[in-house]
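Under the working numbering, residues 4 to 98 are what the sequence shown spells out, in order.
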Amino acid sequence: QWRKNKDRFDDSIPGVEKIDDGGEVTYEAATNTLRRAIRFISVMQGEDGHWAANIDAPLFLMPPLVFVLYISGTLNTILPDEHKKEALWYMYCHQ
């Protein structure tokens with residue numbers, strides 16, 4: 004929702020407020036830290052509402068998926084032949 008209304012909100016991230024060891028954490032410092040965190044998360048959110056992440060690990064994610072689909076007997080239902088070919092081709096090209 005935040006990103007849909009981005010023109011109505013200030014998404015700039017305020018400066019960091021440093022606290023020395025043994026220093027007292029004030030209400031204002033805690034509030035500013037929470038505001039910074041919320042603004043950071045909202046800036047990272049995609050236009051469609053998801054939080055994009057750069058995961059270059061389909062070879063890491065694919066084997067557990069195939070295992071679970073095979074064990075549950077839904078491998079051929081979930082992954083049609085064309086998807087299997089593309090997955091094999093991708094793995095072949097990126098090994």
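Every residue, glycine too, gets a C-beta built ideally from N, C-alpha and C.
Pick from the options that is closest to residue i, judged by C-alpha positions
i	options	result
A55	I44, L91, K21 and T34	I44
L62	K21, R39, D23 and Y95	Y95
M65	T29, V28, K87 and S75	K87
Endpoints, alpha helix (DSSP H) assigned at residue i
i	result
K87	D84 to C96
I44	Y30 to M47
T80	L78 to I81
Beta-carbon gap between residue i and residue j smaller than 7 angstroms
i	j	result
I81	L72	yes
Cβ distance (whole Å) where residue i is taken to contact residue j below 8 angstroms
i	j	result
G32	I41	For clarity, residue 32 is Ala in the given sequence; the question names Gly instead. Actually they do not touch by this definition, with Cβ atoms about 15 angstroms apart.
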